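Mapped onto this note's numbering, the consecutive letters of the sequence shown carry residue numbers 4 to 402. The C-beta atom is built at its ideal place from N, Cα and C for all residues, glycine as well. Quick caveat: nothing in here was measured; it's all calculated off a predicted structure. Reading through the structure tokens given below for one structure.
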Amino acid sequence: MHSITRHGGAADVAHGAYARIDLGAIAANAAALVAAAKGTPVMAVVKSNAYGHGLVPAARAALDGGAAQLGVARIEEALTLRRAGLDAPILAWLPWNRTGYDAAVLADVELGVDAPWRLDVIAEAARHRRPARVHLEIDTGLSRGGATEDDWPQLVQAARRAQAAGRIEVTGIFSQFACAEVLGHPSIAAQLTAFDDAVRYAAAAGVEPRVRHMANSAALLTLPESRYDMVRAGLALYGLNPIPDPAPGLALGSGPSPGRGPGPIVLRPAMGLHSTVAMVKRIPAGSAVMYGLTYRVGVDSTIAIVPVGYADGLPRAAGAAGIELTIAGRRHPIAGVVGMEQSVLDVGQSMPSPGDQVTLFGPGGDGELTVVELARRLDLLPAEILSRIPASVPRIYQP
């Protein structure tokens, strides 16, 4: 048979993968969630590089959409936002790096506190500076962060003493749901009761913060009683439905609407992940492809080599799961396993050109996989896929 091979030059592929980020979608999603919260301020959660979307650009877009505050996991993320000139309130709820406490206090970053010893260290960091602003975390049933019911009185009393000494200001009390996305799960009511009890105890001890918060994206949309004084929007901010089976009367969609006013809450996916065709060639029937030679073509076929792999965020198991990537509106299966920096597509009798765009996932309007569909077929969470895309993958932002 005749072998046809076409290569894309180095200039055609500056990097194996690139992500397109629609900042307008993030702003519109923030506006939709602000409207859904019906007057309760929204914290935009931009932890883990804003779920892979880019910390600073995503934070700015969320604030443009009406978010009142930013939430991150680590102090380093909060300080990056401050260095970028963002002066909105910021909460870092996993301040485990003690060396960052001094800088956090100076930058007016609010810190989550889960135990008396951490409160003491933070209060010491504030000794010759402004009082540290802290949110006390109560574990209401997730059994992860926060003080347990037995340890809560100790934490509250330590906070009362440090506040009276002028070392800290308790600005918030918060907790985290375990199963808010499972509508009607019995743990939801139990956690709300535990949270209310913890807040009442703190108030009786003289610790009455301005902000109580517990609701994540799913609770924001389905549990009005959980909104308290602020809600935390993470997954939904990036256009992903946080509820596998929406509740009766709750309609989630995708499109240009920012979700204001009556009608469904519209969320627009903000990220598409792409690459390009680097090489195209014909291979004869029976040829095996990629490591392990587990994939064989039944007839003479064309394969396209794409410079994207598991080092770029495409899970290695995508080939075995039958995942297809899209070229010019047509899906083509991954042939064999995904390599570290390369994948092979079986494009059959098509003949794409080097430099043609390949879409791993996108909004879904052109026939491509969405990140939700990709995650479902790989038995992953959409957030796992988004947050695994390394910072080395270029982000291309559109307003």
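Problem - Helix, strand or coil at Y204 [DSSP, three-state] - result: Helix, per DSSP.
Handout entry: Nearest residue (CA-CA) to A183, options L224, L114, I171, R147
Key = Out of L224, L114, I171, R147, L224 has the C-alpha closest to the C-alpha of A183.
Exercise for the section: Going by DSSP, name the residue or residues bridged to T196. Expected result: Partner residues in a beta bridge of T196, as assigned by DSSP, do not exist.
Practice task
Could you check the C-alpha separation between I337 and P245 for me, to the nearest Å?
Solution key: Rounded to the nearest angstrom, the two C-alpha atoms are 28 Å apart.
Exercise for the section: Compute the Euclidean distance between the alpha carbons of R132 and P247, then round it to the nearest angstrom. Expected result: C-alpha separation (whole angstroms): 46 Å.
Problem - Residue from R163, Q401, N52 with nearest C-alpha to E172 - result: Comparing Cα positions, the closest option is R163.
Exercise for the section: Go ahead and pull the three-state DSSP assignment for P60. Expected result: Reduced to three states, the DSSP call for P60 is helix.
Exercise for the section: Report the partner residues of A22 according to the DSSP bridge assignment. Expected result: Answer by DSSP bridge pairing, in chain order: L276, R398.
Practice task
Under the assumption that H216 contacts F180 (Cβ atoms under 8 Å), give the Cβ distance between them as a whole number of angstroms.
Solution key: In this structure H216 is not in contact with F180, their Cβ atoms being roughly 11 Å apart against a cut-off of 8 Å.
Practice task
For A76, I'd like the list of residues in its chain whose CB is within less than 8 Å of its CB, leaving aside the five on either flank, ordered along the chain.
Solution key: For A76, where only same-chain residues beyond five positions count, the Cβ hits under 8 Å are K50, S51, A95, W96, L97.
Exercise for the section: Measure the alpha-carbon distance for T297 versus P385 and round it to whole angstroms. Expected result: Their backbone Cα atoms lie some 27 Å apart in a straight line.
Exercise for the section: For M4, count neighbouring C-beta atoms within 10 Å of its own C-beta (all shown protein chains included) and say buried if the count is 16 or more, exposed if not. Expected result: At M4, the pLDDT of 36 sits below 50, so the modelled position is not reliable; the number obtained from the coordinates is stated separately. Around the beta carbon of M4, a 10 Å sphere encloses fewer than 16 other beta carbons of the protein chains shown; the residue is thus reported as exposed.
Exercise for the section: Please classify A82: does DSSP put it in a helix, a strand, or coil? Expected result: A quick correction: the sequence has Leu, not Ala, at residue 82. Looking at L82 - three-state DSSP - the assignment turns out to be helix.
Practice task
Please classify T174: does DSSP put it in a helix, a strand, or coil?
Solution key: Judged by DSSP in its simplified three-state form, T174 adopts strand.
Exercise for the section: Could you check how far apart the C-beta atoms of P393 and V283 are, in whole angstroms? I think they sit under 8 Å. Expected result: 27 Å between Cβ atoms; not a contact.
Exercise for the section: Rank Y204, A20, V48, I29 by C-alpha distance to the C-alpha of G234 and give the top, closest one. Expected result: The sequence shown places Val at residue 234, rather than the Gly named in the question. The shortest C-alpha separation from V234 is found at V48.
Problem - Neighbour-count burial assignment, R147, 16 or more Cβ in a 10 Å radius - result: Counting Cβ neighbours within 10 Å, R147 comes out exposed, since fewer than 16 surround it.
Problem - Classification of N3 by the beta-carbon crowding that lies within 10 angstroms, buried from 16 upward - result: No information on residue 3 is available, as it lies outside the stretch 4 to 402 that the chain covers here.
Exercise for the section: Take A30 and list the residues in its own chain whose beta-carbon comes closer than 6 Å to its own, dropping the five residues that flank it on each side. Expected result: The answer, listed in chain order, is A64, D67, G68.
Practice task
Kindly list the residues whose CB is nearer than 6 Å to the CB of Q401, restricted to its own chain and excluding five residues on each side of it in sequence; keep chain order.
Solution key: Closer than 6 Å at Cβ, skipping near neighbours: D25.
Exercise for the section: Consult DSSP for L296 and reduce its assignment to one of helix, strand or coil. Expected result: DSSP places L296 within a helical segment (H, G or I) once states are collapsed to three.
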